Every structure is written in C-alpha cells, then in structure tokens.
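Chains as they are written, first to last, in our numbering: chain Y, 996 to 1125; chain V, 8 to 311. Below: the structure, in structure tokens.
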C-alpha cells in the first residue's frame, strides 16, 4: 500500500470532507466505532477511515462494506473525537449514487417486499441505495 | 384534565396511514382518554424518512421544511403552542434534525425557503408522543388513568436508534442508557424487563438489501429480551416493529425461540386503559399478541 497518496486521491478526500462536513484527520483510531458497529462491516468503520487517513481513497470508496451501514449512528454517537463515521460512509455511498451507480435493482425487487414493508423502509432504501 | 381537549398539531407520515394504522388509532384513542386531541395537519407530504447525513445538498431538507411551514401556519392561525406532535420515529428524527439544523444555521433556512418559495420562521418545536406524555401530561398522572392491572405483563422496552440518536440534536433521552420507555411502562404498572439489547439496531432499511442480516439482528434482540424474561416487547418505531415482528417468520434463524409479540407502546397503553382494541390492528401483527392479552385477562378472572 502506498503511504504517500497520489494527488487525485487527496483531492477526492478533500471533496468527501466538504460533502460530509467531517475532518477525517481528527480520527485517532481508538476503534470505538468498530466495536459498536452492529452491521459486522468488513472492512470496519475505523479501517475505512484509516484508508482515508493514508490517502487510499479508492480502497474506501470501493469497499463493499459501506453498503451494509444502517445509519444507526452508534459510531457517531460514541466517537470521542466528534467524527461521524456514519456521515463519512454515507458520503462514500453518495459518490456512487451521484454517479448513477445504484445498489438495488428496482426491476428485480420482490413484490412481496414492496407490498408488505412500511413505506419508511422503502423510502429510506431509495435514499440509501438508489 | 380540563373538559375541552387540548388540540395538538399532529404530523402522521406515510407509514402511519398504512402499515402502522394500529399505532395511530391506538394513539388517538389513548389521547382521547388522556384529554388531548391529535389534530392532523391538513396538507402534508412525506418527510423523506431518513435525514441526509451529507451536508452539501439541502434537497433532503425541503420535504421536512414544507411540513414545518404547514405546522407553523396552523399554530399561528389558531394561536396554539408551536408544537408539532409525531408518532413515527423516522419522521420524528427527520423533522427534529431539520429543526436543529435551521436553529444552528439561519443561512440554510434562507436557502431552503428561497427554493421552496415559502416562508418558514423556524418557530416549530417537534415533539414525540412519548415526550408529550412525559413532559406535558406527566407519567405520574398517566398512572392514575390506568384501569387494568398490568402487573402480570413482563414487558421489554425496546428503543432502537433514531428515537434517541444523535443525542445532541434529538435530546429526548440518553442514547446509551435511556429510561423514557422504562418509566412509561412503570407508570402502566407493568413488570419492566431491562435488557442489554434495548438500544441495538434492528437492521432498519437494510431489510431492502440484506433481509438475512436483519433477521439475525432481530433474533439477537428478541433472544436477549427472552433470556431476561420478557413476554413481549414495546417500541415506538414502525420499522423496528416490522423488522422484529416479521423476521420471526424466518424459521431457520428463529428455530429455538417461541414467537414474541412486538407491540407499539400505545397498543399496550390502550390495554392498560381498558379500551376496545378492535381497530388497533393487532391481527395484522405476524406474531398475534391477542392470545397473550387473553391469557392475562383470563388469569385476572380466576383471581377474582
């Protein structure tokens, strides 16, 4: 892994910070976010943030685990440095979604799910995956 | 309570009119007993369900602002306290965080106002039904209205995430060690089952993409409540209710756990008040809570 990030990655990380309002370098890797994460994310939230701190933007952006975040906000609530991993993860997801790269296919979505789920699940899902 | 019921402006949200109809109806019936009226806004839209965590796009705030404008106009016209009552936890979280965001940053409010071509002054205070019971009615007063002996019910209070988090913006209770539902159940006279998983996430909207993971998370919560001796669980969130209740249909995951009814806290309040629960959609639950109510009722008769 390159420790000295390329300029393109540095620019993307600055953009991510602007979009989320977070300061990634504030993280001191205590791991509280990962310890409390109910989504069993792998790579875990603190690892994703460490990728970003090392300038490895693409590793964080392309991690499949970001799609398992449930925005329960446990990580953000417990962070002693006032960083919101949930917001950073949502920022990473939005980079895909804003590029028209959805993670749920509406055409193959089960009709049973649409018929029986609370609207809030469907609308939230649209916001987070499409 | 005074003779004339207090009218509180109320925002239902989409789920309350469809999948969680029993939540709304039971809440309205209980409000009538308590002495206030949930006065639904005339013109409302979906709040967007989840508050946007990225800060560079204000589009996610337009829908909740539209609702807050409507509530503000209603309150000014009728000269009532600028409160907006909510039941659904997602709506509560989204509206409350919007209220907070505008309180912190007037420029955001100006931008959204300009976009919507409406004028929201920022006067509305978003409150949850539970908060109204605690702060306006008082749990001690609520206890005096209970008609049924609830001491036989062993109930686990389940909070989930968005009723409490983020604390700085919601401020309803401590997100790690909350008491509001505990105190509510205490007021009803139930045996309150304090259990470790009370603030664990049920999986939320992940049910759209990874239902298996939601089954597992729901199992962990229900198994924990069961281990601590709960017979039923109460929640304020229609998505928690749906996930915890419907996941129990996953017979592989739930092989070693008997069905546990998952109730809205107002459905239990209606039972405590001795109300007719026919319209509260108990039959719509995957795990039907009525046998539990009947068993408790029958035990009551025997003791007489």
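Backbone N, C-alpha and C fix where the C-beta goes; we use that ideal spot for every residue, glycine too. Keep in mind it's a predicted model, so treat the numbers as computed, not measured.
Checklist line | Against chain V: residues of the segment 1016–1028 of chain Y by CB proximity under 8 angstroms | finding: Residues 1016.
Check: Does DSSP classify residue 1023 of chain Y as helix, strand or coil?
Finding: For the purposes of this step, residue 1023 of chain Y is taken as residue 28 along the first chain, with counting starting at 1. Under the three-state reduction of DSSP output, residue 1023 of chain Y falls in the coil class, being neither helix nor strand.
Note to self: Ignoring anything shorter than 4 residues, give me the alpha helix (DSSP H) runs that lie fully in the segment 141–223 of chain V, in order along the chain.
What the structure shows: Counting whole runs of 4 or more residues, the segment 141–223 of chain V contains the alpha helix (DSSP H) stretches 146–151, 174–177 and 187–195.
Notebook entry, point to check: What is the residue span of the alpha helix (DSSP H) that residue 17 of chain V lies within?
Noted result: Working through the second chain from its first residue, we reach residue 17 of chain V at position 10. Residue 17 of chain V -> not in any alpha helix (DSSP H); beta strand (DSSP E) instead, spanning 13–18.
Margin query: Buried or exposed for residue 1009 of chain Y, going by 16 or more other Cβ atoms inside 10 Å?
Written below: In the first chain, the residue the question calls residue 1009 of chain Y occupies position 14. By the neighbour-count rule (16 or more Cβ atoms within 10 Å), residue 1009 of chain Y is not buried but exposed.
Margin query: Can you tell me which residues form a DSSP beta bridge with residue 271 of chain V?
Written below: In the second chain, counting from the first residue as 1, residue 271 of chain V sits at position 264. Paired residues: V:242.
Checklist line | Within-8 angstroms CB hit, residue 32 of chain V to chain Y | finding: For the purposes of this step, residue 32 of chain V is taken as the residue at position 25 of the second chain. Interface with chain Y (8 angstroms Cβ-Cβ cutoff): residue 32 of chain V is excluded.
Check: Once you ignore the five residues that flank residue 191 of chain V on each side, which residues in its own chain have a CB closer than 7 angstroms to its CB?
Finding: In the second chain, residue 191 of chain V corresponds to position 184, counting from 1. Excluding residues within five positions, the ones whose Cβ falls inside 7 angstroms are 137, 140, 146 and 272.
Check: Considering only residues of the same chain and omitting the five flanking positions on each side of residue 297 of chain V, which have a CB-CB separation below 8 angstroms?
Finding: The residue you call residue 297 of chain V lines up with position 290 of the second chain. 289 and 290.
Notebook entry, point to check: Does any C-beta atom of chain V lie closer than 8 angstroms to the C-beta of residue 1102 of chain Y?
Noted result: Residue numbering aside, residue 1102 of chain Y sits at position 107 when the first chain is read from its first letter. For residue 1102 of chain Y, the answer is no, since every Cβ of chain V falls outside 8 angstroms of its Cβ.
Check: Which value, in whole angstroms, describes the spacing of the CA atoms of residue 75 of chain V and residue 50 of chain V?
Finding: Here residue 75 of chain V refers to the residue found at position 68 of the second chain. Here residue 50 of chain V refers to the residue found at position 43 of the second chain. Those two C-alpha atoms are separated by around 11 angstroms.
Item checked: Chain-ordered neighbours of residue 1013 of chain Y on chain V, where CB pairs are closer than 8 angstroms -> For this step, residue 1013 of chain Y is matched to residue 18 along the first chain. Chain V residues near residue 1013 of chain Y: 63.
Notebook entry, point to check: Apart from the five residues on each side of it in sequence, which residues of its chain come closer than 7 angstroms, Cβ to Cβ, to residue 199 of chain V?
Noted result: The sequence position of residue 199 of chain V within the second chain is 192, counting from 1. Listed in chain order, the non-local C-beta contacts of residue 199 of chain V below 7 angstroms within the same chain comprise 162, 164, 189, 192 and 193, local neighbours out to five positions each way being set aside.
Next item on the list: Evaluate residue 1023 of chain Y with the Cβ neighbour count: other Cβ atoms within 10 Å of its Cβ, from every protein chain shown; 16 or more gives buried, anything less gives exposed.
Entry: Locating residue 1023 of chain Y in the first chain gives position 28, where the first residue counts as 1. Its Cβ having fewer than 16 others within 10 Å, residue 1023 of chain Y is exposed.
Note to self: Here's the rule I'm using: 16 or more other beta-carbon atoms within 10 Å means buried, otherwise exposed. How should residue 1064 of chain Y be labelled?
What the structure shows: Sequence index remark: in the first chain, residue 1064 of chain Y carries index 69 (1-based). Residue 1064 of chain Y should be labelled buried.
Check: Mind checking whether residue 222 of chain V and residue 249 of chain V have CB atoms under 8 angstroms apart?
Finding: Taking the first residue of the second chain as position 1, residue 222 of chain V is located at position 215. Taking the first residue of the second chain as position 1, residue 249 of chain V is located at position 242. No, the pair does not count as a contact, with Cβ atoms beyond the cut-off.
Next item on the list: Determine, using beta carbons only, whether residue 47 of chain V and residue 17 of chain V come nearer to each other than 8 angstroms.
Entry: Sequence index remark: in the second chain, residue 47 of chain V carries index 40 (1-based). Sequence index remark: in the second chain, residue 17 of chain V carries index 10 (1-based). Annotated as proximal: residue 47 of chain V and residue 17 of chain V, with beta-carbon spacing under 8 angstroms.
Note to self: Let me make sure I understand the geometry here. Which of Y:1035, Y:1118 and Y:1025 has the alpha-carbon closest to that of residue 1073 of chain Y?
What the structure shows: On the first chain, residue 1073 of chain Y is found 78 positions in, with the first residue counted as 1. Here the closest residue by C-alpha is Y:1025.
Check: Helix or strand or just coil, what does DSSP make of residue 319 of chain V?
Finding: Only positions 8 to 311 of chain V appear in this structure, which leaves residue 319 of chain V out of reach.
Margin query: I'd like to confirm the pairing. Which residues does DSSP put opposite residue 74 of chain V in its beta bridges?
Written below: Taking the first residue of the second chain as position 1, residue 74 of chain V is located at position 67. Paired residues: none, contrary to the question.
Next item on the list: Assign residue 132 of chain V to one of three DSSP states: helix, strand, or coil.
Entry: In the second chain, the residue the question calls residue 132 of chain V occupies position 125. When DSSP states are grouped into helix, strand and coil, residue 132 of chain V belongs to the strand group.
Next item on the list: Classify residue 46 of chain V as helix, strand or coil using the three-state DSSP reduction.
Entry: In the second chain, residue 46 of chain V corresponds to position 39, counting from 1. Correct three-state label for residue 46 of chain V: strand.
Notebook entry, point to check: Whose C-alpha, out of V:26, V:132 and V:14, is nearest the C-alpha of residue 85 of chain V?
Noted result: Counting from 1 along the second chain, the entry for residue 85 of chain V is found at position 78. Among V:26, V:132 and V:14, the Cα nearest to that of residue 85 of chain V is on V:14.
Next item on the list: Starting from residue 1081 of chain Y, find everything on chain V with Cβ-Cβ shorter than 8 angstroms and list it in chain order.
Entry: What you label residue 1081 of chain Y is simply residue 86 of the first chain in a count that begins at 1. Per Cβ cutoff of 8 angstroms: 60.
Item checked: Partners in chain V for residue 1124 of chain Y, counting only beta-carbon separations shorter than 7 angstroms -> Here residue 1124 of chain Y corresponds to residue number 129 of the first chain, with the count starting at 1. Residue 1124 of chain Y reaches chain V at 215 and 216, counting residues in chain order whose Cβ is nearer than 7 angstroms.
Next item on the list: Report yes or no: is there a C-beta of chain V within less than 8 angstroms of the C-beta of residue 1112 of chain Y?
Entry: Position 117 of the first chain, counted from the first residue, corresponds to residue 1112 of chain Y. Interface residue, yes.
Notebook entry, point to check: What residues in the segment 1035–1049 of chain Y bring their beta carbon closer than 7 angstroms to a beta carbon of chain V?
Noted result: So the list is empty, because no residue satisfies the distance condition.
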